[in-house]
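Colleague:
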């Protein structure tokens, strides 16, 4: 080959590559713009969320309301006429708050909420409260100081991390393990400062707790930060540390429930799945609007937007409304087990469970190649305010798909939608997690972001990782 | 020089440069972390905003409340014992809403708010309403169709742009110029759909309007989007288009007012100024919490955080609480004129006037070198959620500093803080722009972002542009 021919060939090849890339980028760019337009102009997520919050409301696993949510999800997905809609049978725990829940300090009511999974008090229980700043302090104080007392975990969430989930992670051990540790040293109950960055909040924030095997199960409740401050001041000023506590919460036998699933079949790789989901259950307070009604309507909207745009995905896109994320993750665990049994090949799984706030990007729970692959979309997504594409936790519901036991595809790409986190723990697990506290545009931008990412995966993931 | 010597020298130089950069970056990085810690742990912006909203409240230029705000600002800045605190005398317009403001359609009250600057109706005015989707349609319809009618501008803000300010910019001509255009064709009043993306909102959103010279001044008012929908449906369905309007708003003679200013003197370049500010005036509805109480407390906090950290700036850092941004910008214009007269050298001016939401970055109103210079800080600021550093509008109050008439330093760097914009027009210019709708952490992150940027400018701007 002559040099001039070689050069000409090289130029032609370069032009070809460049043209190809430009076409690709401009097709993607136009499609992403269309996705955002549908979400912002004709979005259905907000009205879907209103319905979930107002027509169903709070929906704790095992409750009749959770069953209603299953029927709600099935009916909603059916109206969209996707390729299939079905229920996946699972078994879930059924904890109930009961109708008695009170604590008094010097005759004054404290704002409290039993923690999910707690035993009741079996009548009224009155004891001296001892305040600690964490699990270690209980061990340091030892049986002499703890025996017969109510242990009060009052370490607040650290305001310094920019991600409030980091603050939560540094504090929530008190809520989850506090009762077990205190019980080992002879405590008869625990109170835990609510997991929120609000310093004088009147809503107690519930959440899950567990008992280690072989410890005596003692009652556990969250105090609003306002009541936690009151109690702390009372103890420190010597005005009184006697608290009377009464709760009749209980754990019932496990019951049957369901994950709710819908799919659009892939045109080129129908056997390869991209799953997206959130959790359909919520705590029994408020309406589970941000946690995780937002994730539910985000995920449903992914399929709906694709269909509205007549977009035929290459992979099968599956939406999963998981049951029981809050107190057991039986939905996530069962889903992964079923998937393993059926040898289903998930090439990607995405979760939205961080609220309906303005989206900022995605976490990738994976290796550096996976993170780099996702970062290659940055330029396409930055115009939509999406800039965060980093290694991080993907989500509770989808996590069992990537455990050794359930792994079908070791290259599975695990991702989480990352909305702005600043307000999340203002509402989390409280009576205030209601529809009115979700902003329509912020919710819609989350839908579009998730759809855009799944569109990009559908078009560029195959053979890339 | 031998090759090995050359290589050794090169390596040593490289190491030197690298070490120098690393030290610089690590000093900056540590300082920025300190700035965020002060803002998030011991921030005073939220309580300052509470005081401005609750102790002063709405503060329209010329009103006694605006005067109270001036005293409030002076007193607050004095408590911090900066190097100087002073008032700068200016003259401002004084428009008053009056105590009569109503519109009825078929006997039903519409939710409305006179636009700032509007004349009153001089008694009750009743006429047929004609709906248009913008200024052009008025011209197209012409005198025949417009004469004697009330023109109703009902083009909504476009939901598609990701920045809601872009949507606002594409719609606000109806509010500002609608009366003048309609008047030219013989209309007797105008009603304007409120500037918000909320589709069924009960708050009318006021805002400034102006009359072209030589047009007959006709009354102008904003309708809530809910009332705009009602009116539009009534017209389209033939149920009625007669509206009765009564408003006794008026423009009083100009009055004296003040910009409020404080400084920390620069240790190395005291004659070079970095100015930061927001506007102290607000509309007469709500409490001016996001617009622009947030900008006021953001800006004050810049100096306070520097002082709290014992940081001695190299340049003089000046905070300016501008008066009269909303309806005249006499604060901004007068400030720039005084600066020109005193030959003050502003090397940078920054404004916060887009609300107290989660910060996302900064606009730079300048050339590509200026934008690139600011983008060089990206790596230091991204861990704080700041990722947007692009060419864009900086702010109304500071803009006169960069006009040809007032320019002292043609290299002045003009910047605006960019918070997340999604919720801004939910509250803008309404009774709902109140303290309770500002989130503490989001506000504090804005303070820290502004302080961090000014710290970086103080250390790296000199001689760079």
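Chains as they are written, first to last, in my numbering: chain A, 370 to 834; chain B, 370 to 834. Every residue gets a Cβ at the ideal spot worked out from N, C-alpha and C, and that includes glycine.
(1) What residues in the region 769-799 of chain B have a beta carbon less than 7 Å from any beta carbon of chain A?
(2) Give me whichever residues DSSP pairs with residue 619 (chain B) in a beta bridge.
(3) Could you run through the region 618-629 of chain A and flag, in chain order, every residue whose CB is less than 9 Å away from some CB of chain B?
(4) By how many angstroms is the C-alpha of residue 769 (chain B) removed from the C-alpha of residue 522 (chain B)?
(5) Would you list, in chain order, the members of the region 727-739 of chain A that have their beta-carbon closer than 8 Å to a beta-carbon of chain B?
(6) So, for residue 511 (chain B): in the same chain, excluding its five sequence neighbours on each side, which residues have a beta-carbon less than 7 Å away from its beta-carbon?
(7) Please confirm whether residue 629 (chain A) and residue 645 (chain A) have their CB atoms less than 8 Å apart.
(8) If you follow the beta strand (DSSP E) that residue 675 (chain B) is part of, which residue opens it and which one closes it?
(9) Cutting at 8 Å between CB atoms, please list the residues of its own chain near residue 587 (chain B), excluding the five before and the five after it.
(10) Which stretch, first to last residue, makes up the alpha helix (DSSP H) that contains residue 433 (chain A)?
(11) Are there 16 or more other CB atoms within 10 angstroms of the CB of residue 693 (chain A), so buried, or fewer, so exposed?
(12) Examine the Cβ distances between the region 792-812 of chain A and the region 566-573 of chain A and report whether three or more of them are shorter than 8 Å.
(13) What in chain A is Cβ-close to residue 410 (chain B), meaning under 7 Å?
(14) Just the Cα atoms here: how many angstroms apart are residue 525 (chain B) and residue 602 (chain B)?
(15) Going along chain B, which residues have a C-beta under 7 Å from residue 810 (chain A)?
(16) By the 9 Å beta-carbon criterion, what residues does the region 737-758 of chain A contribute toward chain B?
(17) Tell whether a beta-carbon distance below 8 Å holds between residue 663 (chain B) and residue 807 (chain B).
(18) Determine the chain B residues that contact residue 406 (chain A) at a beta-carbon separation under 7 Å, and present them in chain order.
(19) Using only alpha-carbon positions, find the residue among A:443, A:605, A:828 and A:475 that is nearest to residue 716 (chain A).
(20) Residue 655 (chain A): buried (16+ other C-beta within 10 angstroms of its C-beta) or exposed?
(21) With distances taken from CA atoms, which of B:658, B:615 and B:453 is nearest residue 633 (chain B)?
(22) Whether or not the region 740-756 of chain B and the region 817-831 of chain B are in contact is what I'm after, with contact meaning three or more pairs of Cβ atoms, one per stretch, closer than 8 Å; do they touch?
(23) Is the distance from the Cβ of residue 563 (chain A) to the Cβ of residue 592 (chain A) below 8 Å?
(24) If you reduce the DSSP assignment to three classes, tell me which class residue 782 (chain A) lands in.
(25) Within a Cβ cutoff of 8 Å, which residues of the same chain sit near residue 609 (chain A), ignoring the five residues on either side of it in sequence?
(26) Measuring alpha carbon to alpha carbon, tell me which of B:789, B:708, B:783 and B:730 ends up nearest residue 737 (chain B).
(27) Can you tell me whether residue 516 (chain B) is buried or exposed? The criterion is at least 16 other CB atoms within 10 Å of its CB, across all chains shown.
(28) Taking three-plus beta-carbon pairs below 8 Å as touching, is the region 722-730 of chain B in contact with the region 491-503 of chain B?
(29) Considering only DSSP beta bridges, list what residue 627 (chain A) is partnered with.
(30) Thinking residue 397 (chain A) and residue 749 (chain A) are a contact (beta carbons under 8 Å), I'd like their distance in whole angstroms, please.
(31) Can you grab the Cα-Cα spacing for the pair residue 814 (chain B) / residue 658 (chain B), in whole Å?
(32) Applying the 10 Å Cβ sphere with the 16-neighbour rule, what's the burial state of residue 711 (chain B)?
(33) Do you know how far the Cα of residue 723 (chain A) is from the Cα of residue 472 (chain A)?
Modeller: Let me lay it out:
(1) Within the region 769-799 of chain B, 789, 791 and 792 place their CB atoms closer than 7 Å to a CB of chain A, listed in sequence order.
(2) Numbered from 1 along the second chain, position 250 holds the residue referred to as residue 619 (chain B). Partner(s): B:465.
(3) Result list empty, no residue passes.
(4) On the second chain, residue 522 (chain B) is found 153 positions in, with the first residue counted as 1. On the second chain, residue 769 (chain B) is found 400 positions in, with the first residue counted as 1. For residue 522 (chain B) and residue 769 (chain B), the gap between their C-alpha atoms comes out near 31 Å.
(5) Those residues of the region 727-739 of chain A that come within reach of chain B (Cβ to Cβ, closer than 8 Å) are 727 and 729.
(6) By one-based count along the second chain, residue 511 (chain B) stands at place 142. Around residue 511 (chain B): 554.
(7) Residue 629 (chain A) sits at position 260 when you count from the first residue of the first chain. Residue 645 (chain A) sits at position 276 when you count from the first residue of the first chain. Annotated as distal: residue 629 (chain A) and residue 645 (chain A), with beta-carbon spacing of 8 Å or more.
(8) Here residue 675 (chain B) refers to the residue found at position 306 when the second chain is read from its first residue. Segment 663-677 is the alpha helix (DSSP H) holding residue 675 (chain B); no beta strand (DSSP E) there.
(9) One-based indexing of the second chain puts residue 587 (chain B) at position 218. The residues are 488, 548, 551, 552, 556, 557, 558 and 559.
(10) In the first chain, counting from the first residue as 1, residue 433 (chain A) sits at position 64. It spans 433-448 - the alpha helix (DSSP H) in which residue 433 (chain A) sits, taken as one unbroken run.
(11) Here the question's residue 693 (chain A) lines up with position 324 in the first chain. Buried, because 16 or more other Cβ atoms sit within 10 Å of the Cβ of residue 693 (chain A).
(12) Taking one beta carbon from each stretch, the region 792-812 of chain A and the region 566-573 of chain A have 3 or more pairs nearer than 8 Å; the two touch.
(13) As a working note, residue 410 (chain B) is residue 41 in the second chain. What residue 410 (chain B) touches in chain A: 528 and 529.
(14) The count along the second chain starts at 1 and reaches residue 525 (chain B) at position 156. The count along the second chain starts at 1 and reaches residue 602 (chain B) at position 233. Each residue's alpha carbon lies about 15 Å from the other.
(15) Against the first chain, residue 810 (chain A) aligns to sequence position 441. Ordered by position in chain B, the residues that pass the 7 Å Cβ test against residue 810 (chain A) are 566 and 791.
(16) Here the close residues are 751, 752, 753, 754, 756 and 757.
(17) Taking the first residue of the second chain as 1, we reach residue 663 (chain B) at position 294. Taking the first residue of the second chain as 1, we reach residue 807 (chain B) at position 438. It is a contact, given that the beta carbons lie within the stated cut-off.
(18) As a working note, residue 406 (chain A) is residue 37 in the first chain. What residue 406 (chain A) touches in chain B: 529.
(19) If you number the first chain from 1, residue 716 (chain A) lands on position 347. Checking every option, the nearest Cα to that of residue 716 (chain A) belongs to A:828.
(20) The residue you call residue 655 (chain A) lines up with position 286 of the first chain. Around the C-beta of residue 655 (chain A), 16 or more other C-beta atoms lie within 10 Å, and the residue is accordingly described as buried.
(21) Walking along the second chain from the start, residue 633 (chain B) turns up at place 264. In terms of Cα proximity to residue 633 (chain B), the closest of B:658, B:615 and B:453 is B:453.
(22) With the cut-off at 8 Å, the region 817-831 of chain B and the region 740-756 of chain B touch.
(23) As a working mapping, residue 563 (chain A) is identified with position 194 in the first chain. As a working mapping, residue 592 (chain A) is identified with position 223 in the first chain. The criterion of a C-beta distance shorter than 8 Å is satisfied by residue 563 (chain A) and residue 592 (chain A).
(24) As a first step, residue 782 (chain A) must be located in the first chain, where it is residue number 413. Residue 782 (chain A) falls in the strand class under three-state DSSP.
(25) Along the first chain, read from residue 1 onward, the residue named residue 609 (chain A) stands at position 240. Counting only residues of its own chain and dropping the five nearest sequence neighbours on each side, residue 609 (chain A) has a CB closer than 8 Å to the CB of 474, 475 and 603.
(26) Within the second chain, residue 737 (chain B) is the residue found at index 368, counting from 1. Considering only alpha carbons, the answer is B:783.
(27) Within the second chain, the letter at position 147 stands for residue 516 (chain B). By the beta-carbon neighbour count (other beta carbons within 10 angstroms, threshold 16), residue 516 (chain B) is exposed.
(28) No, the region 722-730 of chain B does not touch the region 491-503 of chain B.
(29) Within the first chain, residue 627 (chain A) is the residue found at index 258, counting from 1. Beta-bridge pairing links residue 627 (chain A) to A:458.
(30) The residue you call residue 397 (chain A) lines up with position 28 of the first chain. The residue you call residue 749 (chain A) lines up with position 380 of the first chain. A Cβ-Cβ distance of about 6 Å is found for the pair residue 397 (chain A) and residue 749 (chain A), placing them in contact under the 8 Å criterion.
(31) Along the second chain, one-based indexing puts residue 814 (chain B) at 445. Along the second chain, one-based indexing puts residue 658 (chain B) at 289. Approximately 16 Å, taken between the alpha carbons.
(32) Stepping through the second chain from its first residue, residue 711 (chain B) is reached at position 342. So residue 711 (chain B) ends up on the exposed side.
(33) For this step, residue 472 (chain A) is matched to residue 103 along the first chain. For this step, residue 723 (chain A) is matched to residue 354 along the first chain. So the alpha carbons of these two residues sit roughly 31 Å apart.
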